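Residue numbers (my numbering): 3 to 829. Data first, discussion second: the structure below is written as structure tokens.
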């Protein structure tokens, strides 16, 4: 009997041993191979960025491969692509002048631009020659703020394309068009700027003096206003809404943000009164010997203290600045539109920001605080009054695009989601609806170019082509007088388009997450003119890189199609069980799901190399580029709306793939993703086991008013006396702290002035009071994006997932500095 029991015991012991789960080490070496520093050596240019010339349809671009950088000039009419210069010969000529050694393969030239005759280019080269000590002492005498160490000399050259000659431009003046503080009039006669909270202007002669020597005591500035003050100033800064550090210069001049009339005699601008908005603070603990306090204006949801925006008009002829009476809604927002074309449509061409309209009128929009009402107005300068043109209303928030004027301003193109999808509508100047230009169950993303002469609209849209991922964008055109929509770049890819001014040609860059990026030139009908480039990923593939895998799944409702991407370890073993990690962002303004090939891999491809399957996933309510129903799905439920779909995705993937271990589910996200990943641990504590949540807005009641009230909703209440108040209520992550069962790492930058550190601190406080174990990592001196500590954070995140999902408690005995040794050094 004893022998029987002994044998039985040995059998059970052996069975227990074989049933033990296999543990794996985190593959730190493979993760290190794809750090940002290493990727710079393996991924080069992935798209063509055309710089269109003014006098023809030609354009130039630069493109880098493993053979170095090249510069090309393209003539669409002749269907030719040729080097701008012989880079080896140019490097030799630069070497002769600068005395620094250069070669063509490693040539670095900056600020390339075509000169007026379009037969020559100008560019800069950074040399190693130091400024002479005597010259430096003179510089220091004029400018006390100059750096203590002597700087390298910058050489400026002109290069003639025709005769291939190089000329050094000595004492090259600053480009007046690049003075960041200057709002230059269309005829260059006047330059408006802000200074000491007020508006100023100077004439062209004084501006050229400022360009040459900003400390010239003879520079004359004319003051336009005297009533500006802190937090109620003219110009950018002090608006209490974006919290971006103000751009500063030697004379404290900054951009005023004016929009000019085309005759340069008038301008308009907005002025925001943020004096009543409450202050917020962060403490800089690492910047100075004594910690310092940073104070800024920050409007939170539900608060009655909100900024007020004025619309101002100034006439140089009457020397009158008017505050236009436009009050419509309490706490309204004013949107101004300019006629300035998109960047890169011409080669560094200066075109001032002019108002949308003509000499007698301009257009603007007013939005209610709850974003359910939008009115488009035209201001009649002669009458001194506004005229209502378009009125939009919705039971959820309204998104809209810039108005496009056509037919001499007698018609307007307006974008609206009034039928549940984003589409274009053509209006008469009097506000009469002429026709809907686009229609159907697809999303129009925005105007790319309006061809007024031929009455045709070119626009980007997605979801129209059957059998494709509905997020893939294409270029289309449609006639303003009606007619069928034309697809201009067919193919099962995501496209990015850059069209020239007269809508005769466009460059299209396309790829998927699992294809090599390609660039082509097409004409206005969509016919391919010529191939331009195919990205050089040879070194990336030689390292062992493998494309990720797009997939489709059903939302938790079993009906809605959702889309994701799966990233596997490059040493993937199909017989092994892998923990799965979701990299998430809830939206509603975007989803963290790549549609094109990209070079950023930290939270996806690279994270998988430790030994995980990593997925990115859409969720209902997560992206504006589908139906309005889809986009607004989370309205009023901003904490929980996307979580059921994230859970459903893992369940479906585990059913499809034996290599996914759904008992080991991790989740990570930053900002809104930090908020979502923590919420997932608390709403589904038995499903999500490990989370790394960084910079999360865990309490949206203390996040900024514009995002929180828009996407969750705010209730406007009007009392019997006619007083208007706004009520905001929302569920928060700390409310569910008691539910935590798994492993949670919180992280936050201590000077984050976007999502305030109080969000994570309050989450930590709730967890402590609930008696929960968790980790909290502070990133000292870091704003919202973690700045120069991104790499450090990546390894901390990797350690946490390796320990708690793989069960590997012995990370390599290498400090963080060693893990970051691959960072490229600046020379």
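Beta carbons are placed, not taken as given, at the ideal position from N, Cα and C, and that holds for glycine. Fair warning: this is a prediction, and the values are worked out from it, not measured in the lab.
From the options, residue whose alpha carbon lies closest to that of residue i
i: residue 231; options: 274, 209, 194; result: 274
i: residue 648; options: 624, 41, 28; result: 624
i: residue 677; options: 702, 81, 654; result: 702
i: residue 320; options: 365, 304, 269; result: 269
i: residue 69; options: 109, 371, 59; result: 109
i: residue 385; options: 399, 366, 362, 405; result: 362
i: residue 484; options: 94, 751, 441, 775; result: 441
i: residue 267; options: 278, 100, 315; result: 315
i: residue 203; options: 224, 216, 554, 62; result: 224
i: residue 781; options: 796, 774, 775; result: 796
i: residue 738; options: 774, 337, 234; result: 774
i: residue 599; options: 501, 631, 365, 512; result: 512
i: residue 554; options: 488, 609, 473, 487; result: 473
i: residue 568; options: 521, 618, 711; result: 618
i: residue 299; options: 234, 326, 325, 353; result: 234
i: residue 521; options: 359, 51, 334; result: 51
i: residue 630; options: 420, 99, 106; result: 420
i: residue 510; options: 524, 734, 633, 89; result: 524
Integer Cβ distance of residue i from residue j, believed to fall under 8 Å
i: residue 221; j: residue 208; result: 5 Å
i: residue 639; j: residue 681; result: That pair is no contact at about 11 Å.
i: residue 428; j: residue 44; result: Not quite, the Cβ-Cβ distance comes to about 48 Å (not below 8 Å), so this is no contact.
i: residue 611; j: residue 33; result: 4 Å
i: residue 263; j: residue 357; result: 6 Å
i: residue 499; j: residue 452; result: 14 Å between Cβ atoms; not a contact.
i: residue 724; j: residue 691; result: Residue 724 to residue 691, Cβ: 54 Å. No contact.
i: residue 587; j: residue 645; result: Not confirmed; about 13 Å, so no contact.
i: residue 377; j: residue 383; result: 19 Å between Cβ atoms; not a contact.
i: residue 284; j: residue 753; result: 4 Å
i: residue 338; j: residue 272; result: 6 Å
i: residue 365; j: residue 379; result: 7 Å
Cβ shell of residue i (< 6 Å), same chain only, five flanking positions each side left out
i: residue 205; result: none
i: residue 514; result: 495
i: residue 526; result: 505, 506
i: residue 250; result: Note that residue 250 has pLDDT 43, beneath the 50 cutoff, so the model's placement of it is unreliable and no number is given.
i: residue 403; result: 417, 448
i: residue 778; result: 748, 766
i: residue 791; result: 781, 784
i: residue 372; result: 716, 718
i: residue 655; result: 662
Own chain partners of residue i with C-beta closer than 8 Å, once the 5 adjacent residues on each side are dropped
i: residue 171; result: 124, 158, 159, 160
i: residue 814; result: 30
i: residue 198; result: 230, 254
i: residue 121; result: 162, 163, 164
Own chain residues within Cβ distance below 7 Å of residue i, not counting five before or after
i: residue 445; result: 423, 424, 463, 464, 465, 627, 628
i: residue 395; result: 374, 375
i: residue 237; result: 196, 256, 257, 258, 259
i: residue 95; result: 168
i: residue 689; result: 649, 667
Sub-8 Å separation of residue i and residue j beta-carbons
i: residue 585; j: residue 670; result: yes
i: residue 650; j: residue 558; result: yes
i: residue 289; j: residue 636; result: no
i: residue 607; j: residue 550; result: yes
i: residue 480; j: residue 582; result: no
i: residue 86; j: residue 163; result: yes
i: residue 613; j: residue 742; result: no
i: residue 83; j: residue 531; result: no
i: residue 762; j: residue 700; result: yes
i: residue 53; j: residue 46; result: no
i: residue 116; j: residue 210; result: no
i: residue 477; j: residue 426; result: no
i: residue 457; j: residue 482; result: yes
For the segment 562–576 against the segment 482–502, are there 3 or more C-beta pairs whose distance is under 8 Å? Short answer: they don't touch.
Determine, using beta-carbon pairs with one atom in the segment 380–392 and one in the segment 420–439, whether at least three such pairs fall under 8 Å. Yes, they touch.
Any 3 or more C-beta pairs closer than 8 Å across the segment 706–720 and the segment 769–783: With a cut-off of 8 Å, the segment 769–783 and the segment 706–720 do not count as touching, because too few Cβ pairs lie within range.
Are three or more beta carbon pairs between the segment 710–730 and the segment 289–304 nearer than 8 Å? Yes: at least three Cβ pairs fall under 8 Å.
Does the pairing of the segment 787–802 with the segment 325–344 give three or more beta-carbon distances under 8 Å? Output reads no: the segment 325–344 does not touch the segment 787–802.
Counting Cβ pairs, one atom from each stretch, are 3 or more of them under 8 Å apart for the segment 524–539 and the segment 555–569? In this structure the segment 524–539 does not lie against the segment 555–569, because fewer than three pairs of beta carbons, one per stretch, are closer than 8 Å.
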